[in-house]
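Below is one structure, written out as structure tokens; comments come after it.
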Amino acid sequence: RSELLEMMVFNYLLNSRAENGFAYWVNNGWEIDSTRGYSGTSSFKVQGQLGASKTLSQTVQPAHRDNYTLSFRIDIGDILRGPNAKIGVAVKFVYDDGTEDEQYVSLI
């Protein structure tokens, strides 16, 4: 019980379910699918293309905490990949001292 009372939930990602179109996002090749939302009415959708890079990004300014959690839900379906295909999520951390670290999470 005390753990639940101390738990605080923060969602710093704005418009994470696509209900407001591409508000808050920098979009390169994505669409809004208003028929397949998971926890809302809409979701982000991308059609792959050989030799093309398609990105959807957002800058988040979280509060000062020691730990953060990133979670997401995907539907890959039937997919054919080219020899150099990358399908995943890249998270770039920029620290107060100006140093940067990027982590890539492959989804397939």
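Numbered as in my numbering, the sequence shown ends at 1117 without a single skipped number.
Cβ atoms here follow ideal geometry from the backbone N, Cα and C, with glycine treated the same way.
Note that the structure is a prediction, hence the values are computed from the model and not measured.
Sixteen is the threshold: when 16 or more other Cβ atoms of the shown chains lie within 10 Å of the Cβ of Ser-1052, as they do, the residue is buried. The beta-carbon distance between Lys-1063 and Asn-1037, rounded to whole angstroms, is 6 Å. This is short enough to meet the 8 Å contact definition.
Per DSSP, the unbroken beta strand (DSSP E) holding Gln-1112 starts and ends at 1109-1115. In this structure, Gly-1097 lies away from Leu-1059, with their beta-carbon atoms at least 8 Å apart. Close CB contacts of Glu-1040 within its chain, under the 8 Å cut and outside five residues either way in sequence, are with Phe-1053, Lys-1054, Val-1055 and Gln-1056 (chain order). Taking a 10 Å sphere around the C-beta of Ala-1027, we find 16 or more other C-beta atoms and assign the residue as buried.
Here Ala-1094 is not near Glu-1111, since their CB atoms are 8 Å or more apart. When C-alpha distances from Ser-1066 are compared across Arg-1082, Tyr-1047 and Ala-1032, the shortest belongs to Ala-1032.
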